[in-house]
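In my numbering, the protein residues as written are 30 to 323.
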């Protein structure tokens, strides 16, 4: 297949591109800068969709960038980097004389309300209680296409674990020094997925003609808590991991609204992802972390 990938130079995009090329697909990236096997967002707007069999959008400013203050300006960037790129691609697909067979968007499990007891699958309600859940609702709405000539899939991703990026990038140093531990109480659920499985779910959604609608991009080990994750990461590194990061520090660094993403969590199960026939490479946390830090 010829696959068009928005935001393809990032952490997830790089993994997906490698996987798709390894499976014999051609990949064209949409990015801000021109280059080989790339088009720019501007070219997409002016010249329309290049011929392709499928399109994916992964573009979006990193919400948990600790170097960016949670200001109104940054919130606007977080919104526009997701909504505008998604709208641009959706419009180009809708106008294309030969629309692609599949259109896949990656959003997040922030759609579901954090809870110490609830369990969420793809049919659970959400999307209407804070900045992040509203963002996911608007983001998914921006991707919707009229008619049914193109198969539409949304993958709500958990915290992505992989080498050289994602959540683990910020955690490794304190954990290697024996200073790691749970965040806040540690009781909050920690919906995670290995980068190879997230890329695998996206490839499965692109290649499998019966897959459509919402899929949860999380590992089947859905009851993992933040404290269990910290213990497993410490064990994988052969280091103690019992120094908690106090809630007040997390709120001071990230701002109260954004700190919720770290201090609270959701128990999310990939019911439809498993039913769609996807087989996980890393269903268990221990093996996933061993691969990441190997």
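Yeah, the Cβ is synthetic: ideal placement off N, Cα and C, and Gly gets one too. In this text, all values refer to a predicted model and were calculated from it rather than measured experimentally.
Cβ atoms of residue 197 and residue 321 come within 8 Å of each other, at about 6 Å. Taking residue 314 as the centre and dropping the five residues before and after it, the same chain places the C-beta of 221, 248, 250, 253, 257, 258, 261 closer than 8 Å to its C-beta, in chain order. With a threshold of 16 other beta carbon atoms within 10 Å, residue 316 falls short and is exposed. Contact annotation: residue 234 and residue 133 have beta-carbon atoms nearer than 8 Å.
Within the stretch 212-296, the complete alpha helix (DSSP H) runs of at least 4 residues fall at 224-236, 255-266, 276-283, 285-292. The distance from the Cβ of residue 268 to that of residue 205 is about 6 Å, consistent with a contact at the 8 Å cut-off. Positions of the alpha helix (DSSP H) runs, each at least 4 residues long and wholly inside the stretch 124-212, are given as 160-172, 197-205 in order along the chain.
Contact between the stretch 209-223 and the stretch 102-115 is absent, with fewer than three C-beta pairs closer than 8 Å. Fewer than three beta-carbon pairs drawn from the stretch 156-165 and the stretch 60-70 are found closer than 8 Å, and the two stretches are therefore not classed as touching. It is roughly 19 Å from the alpha-carbon of residue 86 to the alpha-carbon of residue 190.
Distance from the CA atom of residue 312 to the CA atom of residue 227, rounded to whole angstroms, is 12 Å. Between the alpha carbons of residue 277 and residue 207 lies a gap of roughly 21 Å.
A distance below 6 Å between beta-carbons, with the five flanking residues on each side excluded, links residue 67 to the following residues of its chain, in chain order: 58, 60.
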